[in-house]
Every structure is written in structure tokens, then in C-alpha cells.
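Heads up: the sequence shown runs through residues 779 to 881, numbered per my numbering. Think of the CB as a built atom: it goes at the ideal place given N, C-alpha and C, for glycine as much as any other residue.
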Amino acid sequence: MMIGGISIWQLLILLVIVVLIFGTKRLRNLGGDLGSALKDFRGAMKDSEAEDEKDTTTQDARKRPEDPQLVDELGKTKPNTGPVEEAEQRNAKKNEVEEEKRD
């Protein structure tokens, strides 16, 4: 079995040489360090994605048009008067329209 022109026996010999040079303890520490680095990297990527999603949500909220009931005909924002007063204003407008139709 050959992997990229290197046989399994050549890989085993290379592994034995690396273990002899560095020792098992040093290789174990290196593996642990590499694993923790990958874990930290993944955590940072998740944090970055969550922050990007939060920023996107905030930008979408800013772009969202205002409530059409709170914007008058000229595009100016009306003060939020509350649901009762808004209902009274709508009823008054309906009554005006009905009176104009009767005339």
C-alpha cells in the first residue's frame, strides 16, 4: 500500500525515528498543546460567528421600517400615544370618511 509514493514501512520507520529523537513525553505534550490550540481556535470561531449574527440582527433592526401606524402622510414619526388613543384616532378618521361619503 503506497500513500503518495511512500510505503507503510517507510512511514513506520519515520515514526520510530521521530519517537527516538523527541521522546514520547515530548510528543504527548506537543499533541496536547496542538489539541488545546485547535479547541481554542474553534471556540474563537464560534464566538466570532455569534458576534457577526448579533451585528447582522442589529443592522436588520435598524433597517426595518417603522410601524406604519406611527408614521404620518409626510413620513414624519408620530409620537406613540398608546393603543387606546390610536384606536380612538382611527375611529375618528373612519367617522370622518363615512360623513364625507354621506355628503
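When DSSP states are grouped into helix, strand and coil, G821 belongs to the helix group. V797 and L805 do touch by the CB rule: their CB atoms are close to 7 angstroms apart, below 8 angstroms. Secondary structure of G801 (DSSP, three-state): coil.
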